[in-house]
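Engineer:
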Amino acid sequence: MAWVLPITRRDDRCMSTLTDTSSRRVAVPSWLRNPALGLFFLAPLVAEFFLGDFPLTMIFAIIPLALWYGGSAVLIREVVRRRGLCWPSILLLGSAFAVVEEGLLTMSLFNPDYAGAHLLDKGYIPALGIGTTWTVYVLCLHVGWSIATPIALAEAAAGQRGNIPWLGRRGLIVTGVCVVLGAVFTFATNYPQFGHFLASPAQLLACFIIAASCVVVALCRPVWISRGRTRRGSAPSLWWVFAVIFLCAGAFQLDSAIDTTWIADTTVVVAIVVALGSLGWWSRSDGWSQRHVLAAASAMLLTYTWHAFFSTGVVPSTPMVLLVSHIVYAVAAVAILLICWRRVGRGAGQDRVAVSSADSARRSLAIRPGASTATAPTTRSPSE
Numbered sequence: 018m019a020w021v022l023p024i025t026r027r028d029d030r031c032m033s034t035l036t037d038t039s040s041r042r043v044a045v046p047s048w049l050r051n052p053a054l055g056l057f058f059l060a061p062l063v064a065e066f067f068l069g070d071f072p073l074t075m076i077f078a079i080i081p082l083a084l085w086y087g088g089s090a091v092l093i094r095e096v097v098r099r100r101g102l103c104w105p106s107i108l109l110l111g112s113a114f115a116v117v118e119e120g121l122l123t124m125s126l127f128n129p130d131y132a133g134a135h136l137l138d139k140g141y142i143p144a145l146g147i148g149t150t151w152t153v154y155v156l157c158l159h160v161g162w163s164i165a166t167p168i169a170l171a172e173a174a175a176g177q178r179g180n181i182p183w184l185g186r187r188g189l190i191v192t193g194v195c196v197v198l199g200a201v202f203t204f205a206t207n208y209p210q211f212g213h214f215l216a217s218p219a220q221l222l223a224c225f226i227i228a229a230s231c232v233v234v235a236l237c238r239p240v241w242i243s244r245g246r247t248r249r250g251s252a253p254s255l256w257w258v259f260a261v262i263f264l265c266a267g268a269f270q271l272d273s274a275i276d277t278t279w280i281a282d283t284t285v286v287v288a289i290v291v292a293l294g295s296l297g298w299w300s301r302s303d304g305w306s307q308r309h310v311l312a313a314a315s316a317m318l319l320t321y322t323w324h325a326f327f328s329t330g331v332v333p334s335t336p337m338v339l340l341v342s343h344i345v346y347a348v349a350a351v352a353i354l355l356i357c358w359r360r361v362g363r364g365a366g367q368d369r370v371a372v373s374s375a376d377s378a379r380r381s382l383a384i385r386p387g388a389s390t391a392t393a394p395t396t397r398s399p400s401e
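When you line the sequence shown up against the numbering used here, it's residues 18 to 401, in that order.
(1) Which same chain residues, not among the five before or five after M337, have their C-beta less than 8 Å away from its C-beta?
(2) Using a Cβ-Cβ cut-off of 7 Å (strictly less than) and excluding sequence neighbours within five positions of G330, which residues of its own chain qualify?
(3) Could you tell me whether the Cβ of G146 comes closer than 9 Å to any Cβ of chain B?
(4) Who pairs with S217 in a beta bridge, going by DSSP?
(5) Quick one: Cα of C237 to Cα of F225, how far?
(6) Going by beta carbon distance, what residues of the same chain come within less than 6 Å of H324, once the five residues before and after it are set aside?
(7) Can you list, in chain order, the residues of its chain with a C-beta nearer than 7 Å to that of I227? Leave out the 5 residues immediately preceding and following it.
(8) Identify whether S334 lies in helix, strand or coil by the three-state DSSP scheme.
(9) What are the start and end residues of each continuous alpha helix (DSSP H) run of 4 or more residues lying completely inside the region 170-229, in chain order?
(10) Pull the bridge partners of D455 from the DSSP assignment, please.
(11) Using the DSSP secondary-structure output, state which residues sit across from G148 in a beta bridge.
(12) For L109, which residues in the same chain have their Cβ closer than 7 Å to its Cβ, ignoring the five residues on either side in sequence?
(13) Pick out whichever of T277, P333, G101, I190 has its Cα sitting closest to the Cα of A132.
(14) Please return the same chain residues whose Cβ sits closer than 7 Å to the Cβ of T166, not counting the five positions on each side in sequence.
(15) First and last residue of the alpha helix (DSSP H) that includes L293?
(16) Classify V160: buried if its beta carbon has 16 or more other beta carbons within 10 angstroms, exposed otherwise.
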């Protein structure tokens with residue numbers, strides 16, 4: 018015989034309260050949900066770890082590295098989005114970042130014995146004290162992978178918040194402080210480690226002028242940076258964008274494997290011109306979207322993934338540790354891309370639903386007697 022216990026209204030209310038309490042989510046501080054925090058740590062992860070410079074045993078170094086790499090990426094992204102600028106400005110500010118790091122902080126552009134790698138041997142120009150191969154390679158490396166790729170991935174993961182500012186005034190101040198601290202840390206660790214080398218005053222002044230010029234041009238919003246100009250024709254497929262950028266990025270990374278200077282320099286320059294020219298042309302097409310930007314960023318990230326397996330890194334480690342590190346980084350890169358593609362697709366779907374709802378509202382108002390279409394709700398997608 019089954020016993021059935023009667024449940025009173027009071028018991029019912031208690032059970033409902035317990036259910037609501039158990040299903041209630043733990044409150045998370047808003048700053049932990051801010052996409053800027055993800056970009057802050059994603060930038061050094063891509064720039065130094067996915068490149069293959071640091072093994073997994075050095076993962077703790079991501080915290081000090083984030084001050085410079087992450088802080089700079091967040092600051093560049095916030096300045097561009099707040100001023101209503103677009104990707105050419107990000108690339109120009111990324112160029113300023115690259116010149117400051119390699120010319121003023123690490124001074125690898127001028128140090129012939131930096132890391133004992135003889136980086137200036139290829140294409141050395143005595144009058145300037147630089148090697149053309151290393152200069153072009155490392156500056157474009159920072160622009161493409163240290164700044165542009167993390168920003169594109171973070172904006173894709175942010176969905177509908179991808180093209181709007183993420184930080185307030187206090188957040189910008191904190192980010193600026195992080196950048197300054199990161200710059201101090203970068204110089205303080207590189208200067209004693211690589212021979213206490215200092216570039217000449219003329220070289221330092223030239224780097225400062227070049228970096229400042231990049232910043233001024235990026236923020237002055239010249240005509241060719243305007244996002245309003247479009248061309249006739251549809252945007253290419255996502256796979257076509259991925260394939261072209263993947264091939265260009267791969268050709269760029271072959272620089273270190275080519276011994277002949279003029280062939281290496283030509284390969285790098287052609288890869289850069291084709292990649293930037295293609296993206297610049299495609300981005301003015303009808304239908305160009307955040308998904309196309311993510312396709313290009315995916316190609317860049319996966320290029321770093323395969324290139325890391327051929328890198329020995331800058332920190333001494335055993336072959337087994339390096340192999341495990343590269344495998345873990347590759348899995349992490351794929352996981353990041355899966356998250357980004359899922360969220361950018363969800364954001365696009367929400368945009369379509371919102372636009373469809375707005376169109377339905379307009380039609381319903383239009384068929385109602387005396388209804389005014391002026392009150393119809395309007396919806397803009399984040400990409401506008």
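Glycine included, every Cβ here is placed at the ideal spot set by N, Cα and C.
Structural biologist: Answer, in terms of the structure:
(1) none
(2) G69, D70, F71, P72, L339
(3) Checking the listed chains, one finds no chain B in this structure; it contains a single protein chain.
(4) Its beta-bridge partners do not exist; DSSP assigns none.
(5) 18 Å
(6) Q270
(7) V116
(8) coil
(9) 186-210
(10) Examination of residue 455 is not possible in this model, given that the chain is present from 18 through 401 alone.
(11) Y141
(12) C231, V234, A235
(13) P333
(14) V63, A314, M317, L318
(15) 278-299
(16) buried
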